[in-house]
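Residue numbers (this note's numbering), protein chains in the order written: chain H, 63 to 246; chain S, 63 to 246.
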DNA sequence: GCGAAATGGTAGGATATAAAACGATCTCGA
DNA sequence: TCGAGATCGTTTTATATCCTACCATTTCGC
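This is how it looks when you write it as structure tokens:
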């Protein structure tokens, strides 16, 4: 898949390179050989090629984009969707608890919830017992939106499951959970 | 792990809840029962609990943070590290090729490379053959930095591999690669 | 050759995210 | 009951990221 051994010194232009096409051989004396930019298909990843972390990052990006494609008409990306789901399943949840379950810093929630509130999908209520915190709820519109999004998310999951394969699914999930628990 | 069935209506405070502690039972008539914010340990993830996409996101976050912890003294996070590695292994690579190998949009590279150039880790060279593009190279300092970072990254990989397990490592990697290729 | 289309890189606008510091409020121990 | 410290949410600051549009340059079709 990638070049073997160490970095290719690339001191010589191979004959028949696509770049040679419309280039009349210059008459001037030996021109210094210049390196054409590497084509994307011929990149040496080095150790990255064998590293889990790198591929975890790329896989997450791919998954994210697949999800976003399926839900773009609602303008809700995975992060927001998880918030709606967590609020819907846990009416009255606090922002701190929400941020932990969502795996994101609590300061991230301030603008996100402001947006969801502005869109009338979520409401916040001060409680008299602890006036520092809010309780979060879905509005009826929020519930409807969550239902719609859940349908799309299911399709996304089906895509992922087809790629992962039925046989490996449980094992794969278990490994992900171990990483979540173990690295933190 | 999470509450069974549909959302818990949470209409009743359970006796012995931690919140009851220093609360002298109010003498006033039946106080309206208020919902304390849910503790983080008792969150219903709903369908999220079974979804690969959600856990992929969290696993990626965990991995990222583990890496960042090991390399924080160099102020280089996974994205920058991958850039250094890719440039180091592919001297003369163009920004577009780099962005593809790195799985990020090319416009993301402009500020990233400006930073790496400012720190004298990377140099860019216009080439006469195609004056639109640059060739990227590591400086000696960039190479030294890459070597240092590679050591830390190896430790991070060892952590991941211990979590994933020797037996599952190859399978796990293969699945990640399928997701990268298949969803895109 | 020439003009249209593609390509490499940058700029601007928008969103997502984290860390640190902060004010308000609550809890705990003595 | 009081004060130190913890907790909740926000603000501020700094990155990272994408998308769209754009400019300069190159390639392609004819």
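For every residue, glycine included, the Cβ atom is placed at its ideal position computed from N, Cα and C.
Residues of the region 132-145 of chain H that bring their beta carbon within less than 7 Å of a beta carbon in chain S comprise 140, 144, in sequence order. Scanning the region 162-204 of chain H for uninterrupted beta strand (DSSP E) segments of 3 residues or longer gives 184-188, 196-200, listed from N- to C-terminal end. At a beta-carbon threshold of 7 Å, none of the residues of chain S lie near residue 167 of chain H; the nearest stands roughly 10 Å away. Between the region 154-171 of chain H and the region 135-150 of chain S there are fewer than three C-beta pairs closer than 8 Å, too few to call the two in contact. Exposed is the label assigned to residue 172 of chain H, since fewer than 16 other Cβ atoms lie within 10 Å of its Cβ. Straight across, the Cα-Cα distance linking residue 211 of chain S with residue 119 of chain H is about 18 Å. DSSP places residue 225 of chain H in the helix class (H, G or I) of the three-state scheme. Within the region 211-226 of chain S, the residues whose Cβ lies closer than 9 Å to any Cβ of chain H are, in chain order, 212, 215, 216, 218, 219, 221, 222, 223, 224, 225, 226. Taking 7 Å as the upper bound on Cβ-Cβ separation, chain H lies near no residue of the region 168-186 of chain S. In this structure residue 115 of chain S touches residue 125 of chain H by the C-beta definition: roughly 5 Å separates them, less than 8 Å. Listed along the chain, the chain H residues whose CB falls inside 8 Å of the CB of residue 147 of chain S are 107, 108, 109, 110.
In the three-state reduction of the DSSP assignment, residue 155 of chain H falls in the strand class. Per the C-alpha coordinates, the member of S/128, S/198, S/209, S/185 positioned closest to residue 140 of chain S is S/128. One Cα belongs to residue 236 of chain S, the other to residue 138 of chain H, and the distance between them is close to 30 Å. Against chain H, a Cβ distance below 7 Å from residue 235 of chain S picks out 114, 117.
Chain H has no Cβ within less than 9 Å of the Cβ of residue 209 of chain S.
Note on geometry: alpha-carbon atoms of residue 112 of chain S and residue 223 of chain H lie some 11 Å from one another. Taking a C-beta distance under 9 Å as the contact criterion, residue 132 of chain S and residue 215 of chain S qualify as a contact pair.
An exposed status is given to residue 134 of chain S, since fewer than 16 other beta-carbon atoms sit within 10 Å of its beta-carbon. The beta carbons of residue 204 of chain H and residue 182 of chain H sit closer together than 9 Å.
Interface residue (Cβ-Cβ distance to chain S less than 9 Å): residue 240 of chain H is classified as such.
Around residue 204 of chain H, no beta-carbon contact reaches into chain S at under 8 Å, the shortest distance being about 13 Å. Within chain H, not a single residue places a beta-carbon under 8 Å from that of residue 188 of chain S; the smallest gap is close to 10 Å. Note on residue 106 of chain H: 16 or more other CB atoms within 10 angstroms of its CB, so buried under the neighbour-count rule.
Comparing C-alpha distances from residue 198 of chain S to each of S/209, S/227, S/159 shows the shortest one belongs to S/159.
The Cβ atoms of residue 225 of chain S and residue 241 of chain H lie closer than 9 Å to each other. Sequence-distant Cβ neighbours of residue 167 of chain H in its own chain, meaning closer than 8 Å and more than five residues away, are 161.
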